[in-house]
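Taken in sequence, the protein lines are chains A and B.
Going by my numbering, the first sequence opens with residue 10, and the numbers climb by one from there.
Going by my numbering, the second sequence opens with residue 83, and the numbers climb by one from there.
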Amino acid sequence: MRHSGIELLFQGQNFLRLLHGLWVSASIALLAMSLSIVLGTGLGIVMTSKNRVVKFVTRAYLETMRIMPQIVLLFLVFFDLTRYFNVNLDGWSAAVVVFTLWGTAEMGDLVRAAITSIPKHQYSSARALGMTPWQVQRAVILPQAIRRLLPTTINLTNRMIMTTPLVALIGVVEVLKTGQQIIDPNRFAYPDGSLWIYGTVLLLYFAVCFPISRVARLLERRWS
Amino acid sequence: MSVPRRLILGSALASLALAACSGSSSTPASSTGGKARTLEEIKSSGTIRIGVFSDKAPFGYVDAEGKYAGYDVIYAERIAKDLGAKVEFVPVEAASRVEFLETAKVDIILANFTVTPERAEKVDFAGPYMKVSLGVVSPEAAAITAADQLAGKNVIVVKGTTAETFLEKNHPEVKLTKYEQYTEATNALIDGRGDAWVTDNTEALAWAAGAQGFTVGIASLGNPDTIAGAVTKGNSTLRDWLNQHLVTLGEEKFFHSDYEQTLKPVYGDAVSADELVVEGGKL
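Pasting the structure below:
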């Protein structure tokens, strides 16, 4: 007898399991993103420095994080920290650390780009008015830079949410893995189950990412 | 005004991060710090951590209620029961099974782990509890029941599988038609674009059980590979206990009853338990 895969959603705890998986994905991505925004803003300001050593070190950090696939970073933090330094993080914490390291680098570069995109004469004018360099940053440069940062930050947040399925490799069961766990035992009884489950997972991702984009668009309108 | 608010946000995030770290250090995982736990340490802790698959039915999977189930899981639960410990299942992926043992994040891996010389250099295998080999699926009307019948036949294989390498090496007289994916291979077989399909016998049996007019004429072609539990390299107290335990389980034909519960509903009557199950830790 052939069943329709939609029944899988309502069997046992399946739907709740998917929601729990979504919470795992979202909690990792959103916590890491919050930390990245704070740390990345600091890094971005430091990156605008003219000091050669500072420039080299921050650039090296950024490029390392960018070039290294996230899966390698996950293995380094989850397995190699234990192997070589005896630091034993659980999978969820290791994932937050990795996504924060990566997000801080990307965010730092975005902040640096936003700050340097503010025309030079604004610095000079503010300084001429007698503001200290810190006051210039806080009252003139950063408020404008933040406005320019918004679209790229949202983009990074959504990219981070989309990258979370990798954490399954270090034993964290997020929403996509939960979907696969539901599809697999039912692959013979419900041959079209994957379509329904993956479709649901798609909608769940959308349910997280879409509101973030909406809020961003609202803010953008308000500030313009 | 905005400065204190920013401070509050910052400290809130910092404390969250701290909470995340301290949360992790209270789990039993961190108390071992990357060193394998001996049999005594596991017993006295009262919990054993076993790495299993969570999406490879019928070996290790999670049912609709969110509970672990399958052939490997039943064995794992029995190990825990006989050790007098509670079992904590850790979901693992094929690609990270060795690392989980090397860093002692699990005590045992029971995730359909095929014994190979390369893996044996990095982990210690206990005795096997299952064996797999290649299976040959063919139409019932023109069933292929012996290896010599394959000569000159058009045989379907999936690229990159052990079936491909085995046939190329040991049966050069067979004509191979290669496909990228499993569904392409099964469709080709249904359409009559080949005389037989060679793949892992578990896959062959499961597919033939659900397909009309096809049979697994040869359920084990070539030498079987064995599936065994594995422990961290050098954890001899745990491995010796597992091997001793397998002997005890063999006396009561434990894996036959495990087979009846988990594998038989999938493979049906096409195969006997003896073709897949290993009792007593020896082939």
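C-beta atoms are modelled at their ideal positions from N, C-alpha and C, and glycine is treated no differently.
Alpha helix (DSSP H) segments (min. 4 residues) lying fully within the segment 155-238 of chain B = 179-184 and 199-202
Notebook entry, point to check: Between which two residues does the beta strand (DSSP E) harbouring Val144 (chain B) extend?
Noted result: Position 62 of the second sequence, counting from 1, holds the residue named residue 144 (chain B). First-last of the beta strand (DSSP E) with Val144 (chain B): Gly142 to Val144.
With 9 Å set as the bound, which would you pick, yes or no: does the beta-carbon of Leu178 (chain A) sit closer than that to a beta-carbon of chain B? Walking along the first sequence from the start, residue 178 (chain A) turns up at place 169. Yes - at least one Cβ of chain B is within 9 Å of the one on Leu178 (chain A).
Q | Start and end residues, beta strand (DSSP E) containing Phe296 (chain B) | A | For the purposes of this step, residue 296 (chain B) is identified with residue 214 of the second sequence, where counting begins at 1. Unbroken beta strand (DSSP E) run through Phe296 (chain B): Phe296 to Thr314.
Original post:
Would a check of beta-carbon distances place Pro194 (chain A) closer than 9 Å to chain C?
Top reply: The structure shown contains no chain C; its protein chains are A and B.
Considering only residues of the same chain and omitting the five flanking positions on each side of Leu31 (chain A), which have a CB-CB separation below 6 Å?
Translated into the one-based positions of the first sequence, residue 31 (chain A) becomes position 22. Taken in chain order, the residues that qualify are Val184 and Leu213.
**Prompt:** Nearest-angstrom Cα distance between Leu249 (chain B) and Ile238 (chain B)?
**Reply:** Sequence index remark: in the second sequence, residue 249 (chain B) carries index 167 (1-based). Sequence index remark: in the second sequence, residue 238 (chain B) carries index 156 (1-based). One C-alpha to the other measures close to 11 Å.
Next item on the list: Tell me, please, whether the CB atom of Glu147 (chain B) is closer than 9 Å to any CB atom in chain A?
Entry: Position 65 of the second sequence holds residue 147 (chain B). With 9 Å as the cut-off, Glu147 (chain B) counts as an interface residue toward chain A.
> Thinking just about the alpha-carbon of each residue, which of B:Lys364, B:Phe296, B:Val348 and B:Ser318 is nearest to the one in Lys138 (chain B)?
Replying inline: By one-based count along the second sequence, residue 138 (chain B) stands at place 56. Of B:Lys364, B:Phe296, B:Val348 and B:Ser318, the residue nearest in Cα terms is B:Val348.
Problem set entry | Pro140 (chain B) versus Leu345 (chain B) - alpha carbon distance | Sequence index remark: in the second sequence, residue 140 (chain B) carries index 58 (1-based). Sequence index remark: in the second sequence, residue 345 (chain B) carries index 263 (1-based). Those two C-alpha atoms are separated by around 6 Å.
Residue span of the beta strand (DSSP E) that contains Ile132 (chain B), given as start and end: The count along the second sequence starts at 1 and reaches residue 132 (chain B) at position 50. Segment Thr129 to Val134, the beta strand (DSSP E) holding Ile132 (chain B).
- Item | Within 9 Å, strictly: CB atoms of Asn283 (chain B) and Ala301 (chain B) | Here residue 283 (chain B) corresponds to residue number 201 of the second sequence, with the count starting at 1. Here residue 301 (chain B) corresponds to residue number 219 of the second sequence, with the count starting at 1. Taking 9 Å as the Cβ cut-off, Asn283 (chain B) and Ala301 (chain B) qualify as a contacting pair.
Item to check | Leu249 (chain B), DSSP secondary structure in three states | outcome: Your numbering for residue 249 (chain B) matches position 167 in the second sequence. Correct three-state label for Leu249 (chain B): helix.
(message) Which of the three DSSP states is assigned to Tyr150 (chain B) in this structure?
(response) The count along the second sequence starts at 1 and reaches residue 150 (chain B) at position 68. Residue state, collapsed to three classes: strand.
- Message: Any contact between the segment 159-179 of chain B and the segment 266-284 of chain B? By contact I mean 3 or more CB pairs, one from each, below 8 Å.
- Response: no
Review point. Under a CB-based cut-off of 9 Å, is Thr91 (chain A) close to chain B?
Key: As a first step, residue 91 (chain A) must be located in the first sequence, where it is residue number 82. Interface residue, yes.
message: Quick check: Gly311 (chain B) and Tyr153 (chain B), are their CB atoms within less than 9 Å of each other?
response: Position 229 of the second sequence, counted from the start, is the residue given in the question as residue 311 (chain B). Position 71 of the second sequence, counted from the start, is the residue given in the question as residue 153 (chain B). Against a cut-off of 9 Å, the Cβ pair of Tyr153 (chain B) and Gly311 (chain B) comes out as no contact.
- prompt: Closer than 9 Å, CB to CB, is Val182 (chain A) near chain B or not?
  reply: Position 173 of the first sequence, counting from 1, holds the residue named residue 182 (chain A). Interface residue, yes.
- Query: Can you tell me whether Val214 (chain B) is buried or exposed, with buried defined as 16 or more other CB within 10 angstroms of its CB?
  - Reply: Walking along the second sequence from the start, residue 214 (chain B) turns up at place 132. It counts as buried.
Compare the C-beta of Val172 (chain B) with all C-beta atoms of chain A and state if any pair is closer than 9 Å. By 1-based counting over the second sequence, the position of residue 172 (chain B) is 90. Yes, Val172 (chain B) counts as interfacial toward chain A.
Trp279 (chain B) bridges to which residues according to DSSP?
Within the second sequence, the letter at position 197 stands for residue 279 (chain B). According to DSSP, Trp279 (chain B) bridges with B:Val219 and B:Ile238.
Problem set entry | Those residues which DSSP pairs with Asp273 (chain B) across a bridge | Taking the first residue of the second sequence as position 1, residue 273 (chain B) is located at position 191. BP columns for Asp273 (chain B) are empty, so no partner.
Practice task
Specify, as a first and last residue, the run of the alpha helix (DSSP H) that Tyr349 (chain B) falls within.
Solution key: One-based indexing of the second sequence puts residue 349 (chain B) at position 267. It spans Lys346 to Tyr349 - the alpha helix (DSSP H) in which Tyr349 (chain B) sits, taken as one unbroken run.
Classify Asp340 (chain B): buried if its beta carbon has 16 or more other beta carbons within 10 angstroms, exposed otherwise. Working through the second sequence from its first residue, we reach residue 340 (chain B) at position 258. Buried: at least 16 other Cβ atoms inside 10 Å.
Between Ser339 (chain B) and chain A, is the shortest Cβ-Cβ distance under 9 Å, so that the two count as touching? What you label residue 339 (chain B) is simply residue 257 of the second sequence in a count that begins at 1. Not an interface residue.
* Kindly indicate the opening and closing residues of the beta strand (DSSP E) around Tyr261 (chain B). => Residue 261 (chain B) sits at position 179 when you count from the first residue of the second sequence. Looking at the DSSP string, the run of the beta strand (DSSP E) that includes Tyr261 (chain B) is Lys257 to Tyr261.
If you compare alpha carbons, which of B:Leu324, B:Asp351 and B:Phe207 is closest to Arg160 (chain B)?
Here residue 160 (chain B) corresponds to residue number 78 of the second sequence, with the count starting at 1. The shortest Cα separation from Arg160 (chain B) among B:Leu324, B:Asp351 and B:Phe207 belongs to B:Leu324.
Q: Can you tell me which of A:Leu52, A:Asn23 and A:Ile80 puts its alpha carbon nearest to the alpha carbon of Thr173 (chain A)?
A: Here residue 173 (chain A) refers to the residue found at position 164 of the first sequence. The residue with the shortest Cα to Cα distance from Thr173 (chain A) is A:Ile80.
Would you say Thr73 (chain A) and Met116 (chain A) are within 9 Å of each other, going by their C-beta atoms?
Indexing the first sequence from 1 puts residue 73 (chain A) at position 64. Indexing the first sequence from 1 puts residue 116 (chain A) at position 107. Result no, Cβ atoms of Thr73 (chain A) and Met116 (chain A) do not sit closer than 9 Å.
Considering only C-alpha positions, which residue in the set B:Phe207, B:Gly217 and B:Asn305 is nearest to Thr319 (chain B)? Within the second sequence, residue 319 (chain B) is the residue found at index 237, counting from 1. Of the candidates B:Phe207, B:Gly217 and B:Asn305, the one whose C-alpha sits nearest the C-alpha of Thr319 (chain B) is B:Phe207.
message: By alpha-carbon positions, which one of A:Glu229, A:Ile150 and A:Ile127 ends up nearest to Thr161 (chain A)?
response: Mapped onto the first sequence, residue 161 (chain A) falls at position 152. It is A:Glu229.
Query raised in the report: Is the beta carbon of Glu258 (chain B) less than 9 Å from the beta carbon of Gly350 (chain B)?
Result: Residue numbering aside, residue 258 (chain B) sits at position 176 when the second sequence is read from its first letter. Residue numbering aside, residue 350 (chain B) sits at position 268 when the second sequence is read from its first letter. Per the sequence presented here, residue 258 (chain B) reads as Leu, with Glu not at that position. No, the pair does not count as a contact, with Cβ atoms beyond the cut-off.
| said: DSSP three-state label for Val96 (chain A), please. | reply: Taking the first sequence and counting its residues from 1, the one referred to as residue 96 (chain A) is at position 87. In this structure, Val96 (chain A) counts as coil in the three-state DSSP scheme.
Cross-chain neighbours of Gln189 (chain A) in chain B, by beta carbon under 7 Å:
Position 180 of the first sequence holds residue 189 (chain A). Ordered by position in chain B, the residues that pass the 7 Å Cβ test against Gln189 (chain A) are Asp137.
- Task: Locate the alpha helix (DSSP H) running through Gln153 (chain A), then write down its first and last residues.
- Result: Your numbering for residue 153 (chain A) matches position 144 in the first sequence. Run containing Gln153 (chain A): Leu151 to Thr172, per the alpha helix (DSSP H) assignment.
Smallest Cα separation from His253 (chain B): which of B:Leu232, B:Tyr261 and B:Tyr264?
Counted from its first residue, the second sequence places residue 253 (chain B) at position 171. The shortest Cα separation from His253 (chain B) among B:Leu232, B:Tyr261 and B:Tyr264 belongs to B:Leu232.
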